[in-house]
Amino acid sequence: MTSDLLIIGAGPAGARAALRAKACGLSVLLVDENPDAGGQVWRPLPNTFSRRTDAPASAEAQDGDALRRELRQAGIECRFGHKVWNIGSDLRTDVIGPEGSVSWRPKAVLVATGTTERVVPFPGWTLPGVIGLAAATILLKSQNLLPGRRTVVAGSGPLLLAVANGILKAGGEVAAVVDLASRGEWVGTLPSLLGRPDLVRQGAAWQWKLRAAGVPVYYRHAIRSASQVDEGFAIRIGRVDAAGAPVEAPLVELYADAVAVGNGLVPGTDVTRLLRARHRFEGRLGGWIARSDEGGRTSVPGLYIAGDGAGIAGAAAAGAHGEIAALACALDLGTIDQVAYVRERAPLVAQWTRSARFGRAMAGLMALRGGSVEGIAPETIVCRCEDVTRAEIDAAVRDGARDVNQLKAWTRCGMGPCQGRTCGDVAGALVALQAGSREAAGCFTGRAPLRPVSLAEVAGPYTYADIPIPKAAPL
Ligand SMILES: Cc1cc2nc3c(=O)[nH]c(=O)nc-3n(C[C@H](O)[C@H](O)[C@H](O)COP(=O)(O)OP(=O)(O)OC[C@H]3O[C@@H](n4cnc5c(N)ncnc54)[C@H](O)[C@@H]3O)c2cc1C
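The opening residue of the sequence shown carries number 1202 in our numbering; numbering runs sequentially from there.
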């Protein structure tokens, strides 16, 4: 199949880009590994679930339903349940879906793959029952499941409030909210919220509900350790300073049967790293991001980027960003002219600026804090796929590993099934402590497969006896 534009990711950025690109006369193919459009924020319930008719749908569910309806009405060609696992330099895109392995060769590719969650490791973070904060939103939204009966919600940023309230709404108990930020830091974000009174109202309502439910909130605290006791966890939390470093003070012990913990979001750069696009490090935008111009064009011809994968700015900004990148693509492929481009782009830029102001303030709250990384205890596992501890990372750097790729070769850190999506940012920050900067520590080189795939899926059905066995070379 040939299309002008292949869009990877049907979240707000990718879906809105698809609608705009089609309106500009491009043929579009929208691909996502999820069963439907909506991305992380507007994740739908599975088709097999029926929605209660006596409870009003949340604003997020309504926004998601409206987007999915719009995609259907516009006749956008979509492939859901399809994961992109490889892209070649000619933009040939290899995908695995229910029908097996397929390849497409579009004229342009827009990467709208969103983010992954960052967790600053602590002893016990790999235990079953300790899950990511963002992962908890997936449980709550797509399966109506609670992480546990009684959950400690910890980390940083707005997902703390969203998850704690989601748990209360679904009938669960929140043992405590443990927030890395101070109350003052939250107050400091208020000016950036002025353009979004709806979000100010939502935040205030969430705070009020926590108070009404008697949930204790520990500001400027972080989890020091979680250990299994009986059927749950003993979770020790302690004070931290503004940089996130542990402070000498008595620890508080909490009890719960689940922990949801997250320290912000990291832009998903696996596709742009695989294609060797140029990247730069921007801590306040979430970490490494592909360099791009005002239309989302990366340094690789025909490769565009939009949404949180280009720097964390939130769902509303992601939608506008997707449309801006679609316009640039339509201009480059000649389906619109410069006049139409300038005319249609202006209101989108205004929309993006308004939304990104709020999103960037939230991204600042979620940015990785140097003291949190320095405070990781030596015996703590950092790469959970390959069981690599902080002590092993420090030893490799002391022995001469100059950047994260040498670290990977020496310790297997980042070499497991998640391909460094979980540990990469923290491992880079640990290497940077001795290498001098995040730029010097670098980021993992992108490698296929982008998603875990089996050889059988890639090769299709085969008979073992038919595999040609090369003759031994003559001596
Ligand atoms: C787990 C998680 C939960 C979140 N929950 C919330 C929330 O509840 N509220 C909130 O305001 N913000 C939430 N966020 C942040 C939110 O995702 C963003 O602000 C917003 O959705 C960004 O939109 P986007 O279109 O850039 O990316 P996303 O919405 O993340 O969409 C990216 C899409 O790309 C797809 N994708 C990625 N890689 C591939 C691949 N190789 N092959 C096929 N498909 C691929 C993903 O399945 C996803 O649907 C969450 C983030 C994460 C990581």
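Virtual Cβ for every residue (Gly too), placed ideally from N, Cα, C. None of the values given here were measured: they were computed from a predicted structure.
Assign residue i to one of three DSSP states: helix, strand, or coil.
i       : result
Lys1284 : strand
Asp1233 : strand
Phe1250 : coil
Ser1343 : helix
Leu1311 : strand
Arg1440 : strand
Gly1663 : Reading off the sequence, residue 1663 comes out as Tyr, not Gly. Of the three classes helix, strand and coil, the one that applies to Tyr1663 here is coil, per DSSP.
Trp1305 : strand
Trp1326 : coil
Arg1270 : helix
Arg1221 : helix
Leu1207 : strand
Ala1673 : coil
Arg1351 : strand
Val1605 : helix
Asp1295 : strand
Ala1491 : strand
Leu1504 : strand
Gly1356 : strand
Ser1668 : In the sequence under discussion, the amino acid at residue 1668 is Ile, which differs from the Ser named in the question. If DSSP states are grouped into helix, strand and coil, Ile1668 belongs with coil.
Less than 7 Å between the CB of residue i and some heavy atom of ligand 1, yes or no?
i       : result
Gln1241 : yes
Ala1355 : no
Thr1338 : yes
Asn1235 : yes
Leu1360 : yes
Val1677 : Because the chain spans 1202 through 1676 in this model, residue 1677 falls outside it and cannot be assessed.
Ala1267 : no
Thr1203 : no
Glu1318 : yes
Gly1210 : yes
Gly1508 : yes
Lys1223 : no
Thr1314 : yes
Val1627 : no
Val1378 : no
Leu1566 : no
Relative to the C-alpha of residue i, which residue among the options is closest?
i       : options                               : result
Ile1368 : Ala1461, Gln1429, Pro1324 and Ala1511 : Ala1461
Val1168 : Glu1587, Ala1610 and Asp1588          : There is no way to answer for residue 1168, as the model of the chain reaches only from 1202 to 1676.
Glu1524 : Ala1551, Ser1500, Pro1447 and Ala1405 : Ala1551
Arg1544 : Leu1532, Ser1204 and Thr1554          : Leu1532
Phe1281 : Ala1435, Tyr1419 and Gly1298          : Gly1298
Leu1486 : Thr1249, Asp1626 and Arg1221          : Asp1626
Val1331 : Arg1622, Pro1669, Tyr1456 and Pro1468 : Tyr1456
Asp1458 : Gly1396, Asn1464 and Phe1434          : Phe1434
Ala1641 : Arg1613, Thr1612, Glu1658 and Asn1606 : Asn1606
Val1659 : Glu1271, Val1453 and Asp1295          : Asp1295
Leu1549 : Ile1209, Leu1207, Ala1218 and Asp1205 : Ala1218
Looking only at its own chain, which residues have a Cβ that is under 6 Å from the Cβ of residue i, when we skip the five neighbours before and after it?
i       : result
Arg1652 : Lys1284 and Trp1286
Ala1519 : Pro1213, Ala1214, Gly1508 and Asp1509
Glu1374 : Arg1351
Among residues of its own chain, excluding the 5 on either side of residue i, which ones have a beta-carbon nearer than 8 Å to its beta-carbon?
i       : result
Val1364 : Leu1334, Ala1337, Thr1338, Leu1341, Val1354 and Ala1461
Gln1539 : Leu1532
Val1448 : Gly1439, Arg1440, Val1441 and Asp1442
Ser1493 : Thr1499, Tyr1505, Ile1506 and Ala1511
Gly1484 : Ala1568, Leu1569 and Arg1639
Leu1534 : Asp1205, Leu1206, Leu1227, Lys1308 and Ala1309
Is the closest heavy atom of ligand 3 to the C-beta of residue i under 7 Å?
i       : result
Arg1652 : The model on display carries ligand 1 but not ligand 3.
Does residue i have its Cβ less than 8 Å from a Cβ in chain D?
i       : result
Asp1533 : Chain labels in this structure do not include chain D; a single protein chain is all it has.
> Which whole runs of the alpha helix (DSSP H) in the stretch 1361 to 1399 are 4 residues long or more, in chain order?
Replying inline: 1384 to 1389 and 1391 to 1394
> Whole alpha helix (DSSP H) runs in the stretch 1517 to 1591 with 4 or more residues, listed along the chain?
Replying inline: 1539 to 1567 and 1571 to 1575
> Taking only runs of the alpha helix (DSSP H) that begin and end inside the stretch 1399 to 1476, which ones reach a length of at least 4 residues, in chain order?
Replying inline: 1471 to 1475
> What are the uninterrupted segments assigned as alpha helix (DSSP H) that are 4 or more residues long and contained completely in the stretch 1607 to 1662, given in chain order?
Replying inline: 1625 to 1636, 1639 to 1642 and 1656 to 1660
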